[in-house]
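Protein chains in written order, with my numbering: chain X, 1 to 115; chain U, 1001 to 1113.
Ideal placement from N, C-alpha and C gives every residue a C-beta, glycine not left out.
Have a look at the structure below, then the notes.
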Amino acid sequence: DTGVSQDPRHKITKRGQNVTFRCDPISEHNRLYWYRQTLGQGPEFLTYFQNEAQLEKSRLLSDRFSAERPKGSFSTLEIQRTEQGDSAMYLCASSPGRGRFDEQFFGPGTRLTVL
Amino acid sequence: AQSVSQHNHHVILSEAASLELGCNYSYGGTVNLFWYVQYPGQHLQLLLKYFSGDPLVKGIKGFEAEFIKSKFSFNLRKPSVQWSDTAEYFCAVYSGTASKLTFGTGTRLQVTL
């Protein structure tokens, strides 16, 4: 499968714990995006990388959230001191990076449940 | 900030019925518009997109959408739905200088036999 992959697919944690998610984009895609989706809502943008540079962050991304893409390939999203309100599906997407706007390909997501 | 409205939250149709799902966006500049579909248990997939040119866009599986700039709309249509079209449908927009997609809240389509 050459699509976007995410790991883990499900994560259950207790409030206050730290969690880290991984996203592997489609090979040679320069852009990588993180979104969050809660029940009954569409995905909401969190942050965006062009290669290894984090170019945009949403106000939704509080200081407990940090994302990295150290070598311009895979990315990690870490949530520190998780809260019940962090429970959501975390989606990763990648795009080729040709032109200003190009098609984003989504991964299956990581479902986080904070108890 | 741009926003996307999908007025139909849950639609139930019989097989072979025609479908139209509404999508309105709030941005006056150049927009790029998308419809994504999420089948049960699967990830988001692109149905169709509008970047420029012919405002009537054809996508996969017989879906089409029409961009009407004067109405800020990008409604999704299909002449005859199938049971396999049961899914959640999301309208999304790129706008301005942002490299992010802004999604609507989605429409859940249920097709009955």
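Option nearest residue i by Cα separation, candidates the options
| i | options | result |
| --- | --- | --- |
| LEU61 of chain X | X:GLY72, X:GLY85, X:LYS11 and X:ASP102 | X:GLY85 |
| ILE1068 of chain U | U:ILE1060, U:THR1030, U:LEU1109 and U:HIS1043 | U:THR1030 |
| HIS29 of chain X | X:GLY72, X:PRO8 and X:GLN54 | X:GLY72 |
| LYS1033 of chain U | U:SER1080, U:THR1107, U:SER1003 and U:GLU1088 | Note that residue 1033 of chain U corresponds to Leu in the displayed sequence, not to Lys. Per the Cα distances, U:SER1003. |
| GLU52 of chain X | X:TYR33, X:VAL114, X:PRO8 and X:SER58 | X:TYR33 |
| GLY99 of chain X | U:PHE1051, U:ARG1077, U:GLY1106 and U:LEU1109 | U:PHE1051 |
| GLY1106 of chain U | U:GLU1088, U:TRP1083 and U:SER1070 | U:GLU1088 |
| ARG81 of chain X | X:VAL114, X:MET89, X:GLU68 and X:GLY109 | X:VAL114 |
| GLN6 of chain X | X:PHE21, X:ILE12 and X:GLN104 | X:PHE21 |
Distance between residue j and residue i (C-alpha atoms, nearest Å)
| i | j | result |
| --- | --- | --- |
| THR1102 of chain U | LYS14 of chain X | 30 Å |
| TYR1036 of chain U | HIS10 of chain X | 23 Å |
| THR38 of chain X | LEU91 of chain X | 11 Å |
| LEU55 of chain X | ALA1016 of chain U | 46 Å |
| PRO1055 of chain U | PRO70 of chain X | 40 Å |
| VAL4 of chain X | PRO1040 of chain U | 18 Å |
| ALA971 of chain U | SER1026 of chain U | The shown model of chain U, from 1001 to 1113, leaves out residue 971 of chain U, and the question about it has no answer. |
| ASN18 of chain X | PRO108 of chain X | 21 Å |
| THR2 of chain X | SER27 of chain X | 8 Å |
| ARG1108 of chain U | HIS1010 of chain U | 5 Å |
Sheet register partners of residue i (DSSP bridge)
| i | result |
| --- | --- |
| THR1102 of chain U | U:VAL1093 |
| GLY1020 of chain U | The question names Gly, yet the displayed sequence has Glu at residue 1020 of chain U. In the DSSP output, where bridge partners are listed per residue, GLU1020 of chain U has U:ARG1077. |
| LEU1109 of chain U | U:VAL1011 and U:ALA1087 |
_Residues of the segment 25-45 of chain X whose Cβ lies closer than 9 Å to any Cβ of chain U, in chain order_ = Taking 9 Å as the Cβ-Cβ cut-off against chain U, the residues of the segment 25-45 of chain X that qualify are ARG31, TYR33, TYR35, GLN37, GLY40, GLN41, GLY42, PRO43, GLU44 and PHE45.
_With three or more C-beta pairs closer than 8 Å as the rule, is the segment 64-82 of chain X touching the segment 37-44 of chain X?_
With a cut-off of 8 Å, the segment 64-82 of chain X and the segment 37-44 of chain X do not count as touching, because too few Cβ pairs lie within range.
*Should the segment 1056-1075 of chain U be regarded as contacting the segment 88-95 of chain X, the criterion being three or more beta carbon pairs within less than 8 Å?*
No, the segment 1056-1075 of chain U does not touch the segment 88-95 of chain X.
*What residues in the segment 1045-1061 of chain U bring their beta carbon closer than 8 Å to a beta carbon of chain X?*
Against chain X - using a Cβ distance shorter than 8 Å - the residues of the segment 1045-1061 of chain U are GLN1045, LEU1046, LYS1049 and PHE1051.
_Output needed in chain order: residues of the segment 99-111 of chain X with a Cβ under 7 Å from some Cβ in chain U._
Residues PHE101, GLU103, GLN104, PHE106, GLY107, PRO108 and GLY109.
*Which residues, in chain order, does the segment 82-98 of chain X contribute to contact with chain U at a C-beta distance below 9 Å?*
Residues are counted here when their Cβ sits less than 9 Å from a Cβ of chain U; for the segment 82-98 of chain X these are LEU91, ALA93 and SER95, given in chain order.
*For the segment 1068-1079 of chain U, which residues have a beta carbon sitting closer than 7 Å to at least one beta carbon of chain X?*
Within the segment 1068-1079 of chain U, not one residue has a Cβ closer than 7 Å to any Cβ of chain X.
*Going along the chain, which residues of the segment 56-78 of chain X sit with their C-beta nearer than 7 Å to a C-beta in chain U?*
Listed by position along the chain: GLU56.
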